[in-house]
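Participant:
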Amino acid sequence: MELKTLIDENKLNQRIKELADEINNDFTCDEPVIAICILKGAVMFYAELMKHLKMPVKMEFVRLSSYGNSKTSSGKVSALNISLPPLENQKVLVVEDIVDTGLTLNFLLNYIKEKGQAKEVKLVTLFDKKCARKYNVHPDYCAFDVDNKFIVGFGLDNQEFYRNIPYIGYIE
Ligand code: IMP
1 MELKTLIDEN
11 KLNQRIKELA
21 DEINNDFTCD
31 EPVIAICILK
41 GAVMFYAELM
51 KHLKMPVKME
61 FVRLSSYGNS
71 KTSSGKVSAL
81 NISLPPLENQ
91 KVLVVEDIVD
101 TGLTLNFLLN
111 YIKEKGQAKE
121 VKLVTLFDKK
131 CARKYNVHPD
141 YCAFDVDNKF
151 IVGFGLDNQE
161 FYRNIPYIGY
171 IE
């Protein structure tokens, strides 16, 4: 299948550095943050973003899935691995690859709430597909808005392929 480039590697990395600068400005540099990566899709974005954060960071990973092998949301989240340390009174940064209907983030935010009162929970996403939103979820930081295209690369997949591609492409 032929991929068209939507965002090249340089532009991605430059924009991620800008997002990290925004986050560094908003968070105090000596207060620890628990940064939660939503696997698998956010893996590349997370790794790049983490390199530029200036505050002490604890890295945590959850594995959630709402798409399965299809190109649209199944409407149900599978929590394949969601073990997290206590978040009571902690600053939390949730890192997502793309917010589509908002189901996945809504699920994780409710789970975080149930785990006790975090001091602050912020959301950062590489892409926001606002036109597809069904849940009341608003990222605090977003690198790029995207229209109703199905995009792949840089962690994002189509049936588990393309995640390793270093740029964002789309299938026509
Ligand atoms: P939501 O739960 O509907 O917001 O969907 C979020 C998840 O769906 C993301 O973490 C991705 O795994 C997947 N997803 C949504 N749109 C795309 C896309 O354009 N390409 C690849 N995966 C996508």
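Each residue of the sequence shown is one higher than the one before, starting from 1 at the first, in the working numbering.
Cβ atoms here follow ideal geometry from the backbone N, Cα and C, with glycine treated the same way.
Residues bridged to R63 by DSSP?
Facilitator: Looking at the DSSP assignment, R63 forms a beta bridge with L39, N81.
Participant: Which of the three DSSP states is assigned to Y111 in this structure?
Facilitator: Y111: helix per DSSP, three-state reduction.
Participant: Helix or strand or just coil, what does DSSP make of Y162?
Facilitator: Coil at Y162, not helix or strand.
Participant: For A20 versus L53, is the C-beta distance shorter than 7 angstroms?
Facilitator: Yes, the pair counts as a contact, with Cβ atoms nearer than the cut-off.
Participant: With H, G and I counted as helix, E and B as strand and the rest as coil, what does DSSP make of D128?
Facilitator: D128 falls in the strand class under three-state DSSP.
Participant: If the criterion is Cβ atoms closer than 7 angstroms, does the pair Y170 and L6 meet it?
Facilitator: In this structure, L6 lies closer than 7 angstroms to Y170 by Cβ.
Participant: Rounded to the nearest angstrom, how far is the Cβ of E96 from that of L123, given a contact under 8 angstroms?
Facilitator: So it is a contact: roughly 7 angstroms between Cβ atoms.
Participant: Taking the alpha-carbon positions, what's the M44 to I168 distance?
Facilitator: Their Cα atoms are separated by approximately 11 angstroms.
Participant: Along the chain, where does the alpha helix (DSSP H) that runs through K11 open and close?
Facilitator: K11 -> alpha helix (DSSP H) spans 9-26.
Participant: Please indicate yes or no: does the CB of T72 lie closer than 6 angstroms to some heavy atom of ligand 1?
Facilitator: Result no, Cβ not under 6 angstroms from ligand 1.
Participant: Does any heavy atom of ligand 1 sit closer than 6 angstroms to the C-beta of I34?
Facilitator: I34 Cβ: outside cutoff for every heavy atom of ligand 1.
Participant: Kindly indicate which three-state DSSP category L105 falls into: helix, strand or coil?
Facilitator: Looking at L105 - three-state DSSP - the assignment turns out to be helix.
Participant: Select from G102, D140, R15 the residue whose C-alpha is nearest the C-alpha of D26.
Facilitator: Comparing Cα positions, the closest option is D140.
Participant: Using 8 angstroms for Cβ pairs, my map puts M55 next to E31. What's the rounded Cβ distance?
Facilitator: That belief holds up - the Cβ atoms of M55 and E31 are roughly 6 angstroms apart, short of 8 angstroms.
Participant: Could you have a look at K91 and say whether DSSP puts it in helix, strand or coil?
Facilitator: K91: strand per DSSP, three-state reduction.
Participant: Using a Cβ-Cβ cut-off of 7 angstroms (strictly less than) and excluding sequence neighbours within five positions of Y67, which residues of its own chain qualify?
Facilitator: Excluding sequence neighbours, Y67 sits near S73, S74.
Participant: Within 10 angstroms of the Cβ of D128, are there 16 or more other Cβ atoms? Answer buried if so, exposed if not.
Facilitator: Buried, since its Cβ has 16 or more Cβ neighbours within 10 Å.
Participant: Helix, strand or coil for A47? Go by DSSP, reduced to three states.
Facilitator: Of the three classes helix, strand and coil, the one that applies to A47 here is helix, per DSSP.
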